[in-house]
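In the working numbering, the protein residues as written are 26 to 346.
Glycine included, every Cβ here is placed at the ideal spot set by N, Cα and C.
So the structure is just underneath, and the comments pick up after that.
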């Protein structure tokens with residue numbers, strides 16, 4: 026298949042619409058959350074189910090984003106799949122809402138699949154529903170407001186918590202969700218809020234205030250993520266208690282994207298902004314790999330890290346932002 030034929034194929038158009046490389050960041054953070062909360066891949070059926078839910082909800086968000094933005098895209102991004110007519114607006118609208126509903130159903134189901142070691146739980150149903158509401162809020166009424174980056178960050182917080190939720194049994198005498206899981210989710214959420222803030226007006230080279238505020242939030246999110254595991258209860262794997270071991274790992278992973286962010290603030294061009302955003306989004310995968318390692322060990326951390334290979338490969342053909 027030639028490149029020209031490939032780019033006119035319906036499958037290629039749908040892959041463009043859902044920003045295919047980005048799905049590996051969802052696979053990474055949902056899986057990392059599950060592995061961290063369950064201390065391994067069991068019960069596998071719940072993991073697979075909640076992972077499918079996370080992907081469905083993410084793709085729904087991507088599709089509905091372009092459905093809501095159709096008039097703007099017709100004026101500014103005529104080559105996108107919807108304004109170009111390669112995918113009909115009706116088909117995209119149907120697919121988006123169907124995937125949103127499917128994501129809620131699968132998320133709810135993940136808490137009730139049989140397991141010998143984990144009781145049933147209603148928590149995934151609640152989080153999946155809240156995530157679906159937040160996705161629609163971001164794509165619709167909040168997109169053009171100053172709250173948009175925070176809404177996107179909230180979606181990532183809920184995505185991470187959704188991954189952990191099938192193995193969290195709500196206790197009457199304890200917190201709804203363990204504190205270290207909430208802290209890690211907030212770290213990811215603040216990080217994504219920063220990236221989304223930097224990405225505003227990216228085609229024009231970004232806004233100076235947005236770039237500075239976004240970079241600051243990105244760094245704050247990384248710091249929160251780096252020190253969040255210290256909120257884990259006694260009995261958690263010992264190596265995370267080693268002072269600065271995990272923060273140093275996060276620093277090494279995050280260094281390239283922070284460096285690009287600084288360069289972006291100093292020399293704000295469309296190319297620098299887009300490169301920073303692309304790097305920031307794909308860096309979610311190694312960050313999630315570090316989190317997975319905490320709960321399930323180095324081999325599972327390496328397995329999550331390996332997702333960077335298809336993500337980077339596909340990012341050469343499909344837009345990430």
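Self-check item: For residue 118, the first and last residue of its enclosing alpha helix (DSSP H)
Solution: Under the DSSP assignment, residue 118 falls in the alpha helix (DSSP H) whose first and last residues are 114-135.
Quiz item: Are the beta-carbon atoms belonging to residue 132 and residue 78 less than 8 Å from one another?
Solution: The answer is yes: Cβ separation under 8 Å.
Self-check item: Residues of its chain near residue 138, where Cβ-Cβ distance is below 8 Å and the 5 sequence neighbours each way are ignored
Solution: Apart from the 5 residues on each side of it in sequence, residue 138 sits with its Cβ closer than 8 Å to the Cβ of 68, 70, 71, 74 and 191 in its chain, given in chain order.
Quiz item: Which residues in the same chain have their Cβ closer than 8 Å to the Cβ of residue 161, if we skip the five residues on either side of it in sequence?
Solution: Taken in chain order, the residues that qualify are 89 and 125.
Quiz item: Where does residue 39 sit, in a helix, a strand or coil, going by DSSP?
Solution: DSSP, read as helix, strand or coil, puts residue 39 in helix.
Quiz prompt | Ranges of the beta strand (DSSP E) found wholly within the stretch 196-220, counting only runs of at least 3 | solution = Taken in chain order, the complete beta strand (DSSP E) segments of 3 or more residues contained in the stretch 196-220 number zero; there are none.
Quiz item: How is residue 332 classed by DSSP in three states: helix, strand or coil?
Solution: DSSP places residue 332 in coil when its eight states are reduced to three.
Practice problem: Can you tell me which of 188, 122, 172 and 252 puts its alpha carbon nearest to the alpha carbon of residue 135? | Solution: Closest by C-alpha distance to residue 135, out of 188, 122, 172 and 252, is 188.
Practice problem: Just the C-alpha distance for residue 43 and residue 142, rounded to the nearest angstrom, thanks. | Solution: C-alpha separation (whole angstroms): 36 Å.
Quiz item: Near residue 182, which residues of its chain fall below 8 Å by C-beta distance, leaving aside the five closest residues on each side in sequence?
Solution: Answer for residue 182: 210, 211, 213 and 214, listed in chain order.
Quiz item: Would DSSP call residue 322 helix, strand or coil?
Solution: Under the three-state reduction of DSSP output, residue 322 falls in the coil class, being neither helix nor strand.
Quiz item: Hey, residue 48 and residue 83 are a contact pair by Cβ (cut 8 Å); roughly how many whole angstroms apart?
Solution: Beta-carbon to beta-carbon, residue 48 and residue 83 are separated by about 6 Å, close enough to satisfy the 8 Å threshold.
Quiz item: What do you reckon, are the CB atoms on residue 95 and residue 107 nearer than 8 Å?
Solution: Yes, the pair counts as a contact, with Cβ atoms nearer than the cut-off.
Self-check item: Sequence ranges, alpha helix (DSSP H) only - wholly within the stretch 69-116, length at least 4
Solution: Runs found: 69-93 and 95-101.
Self-check item: Proximity of residue 292 and residue 254 at Cβ, strictly below 8 Å
Solution: Residue 292 places its beta carbon 8 Å or farther from that of residue 254.
Practice problem: Report the option in 245, 295, 285 and 258 whose CA atom is closest to the CA atom of residue 272. | Solution: The shortest CA-to-CA distance from residue 272 to any of 245, 295, 285 and 258 is the one to 245.
Quiz item: To the nearest angstrom, how far is it from the Cα of residue 28 to the Cα of residue 104?
Solution: Unreliable placement is indicated for residue 28, whose pLDDT of 47 sits below 50; no coordinate value is reported for it.
Quiz item: Hey, is the stretch 302-316 in contact with the stretch 276-287, meaning 3+ C-beta pairs nearer than 8 Å?
Solution: They touch, by the three-pair rule.
Quiz item: When the Cα of residue 203 is compared with those of 180, 59, 235 and 50, which residue comes out closest?
Solution: If we check each option's Cα against that of residue 203, 59 comes out closest.
Exercise. Tell me whether residue 325 is buried or exposed, calling it buried when 16 or more other Cβ atoms sit within 10 Å of its Cβ.
Key: Burial call: buried.
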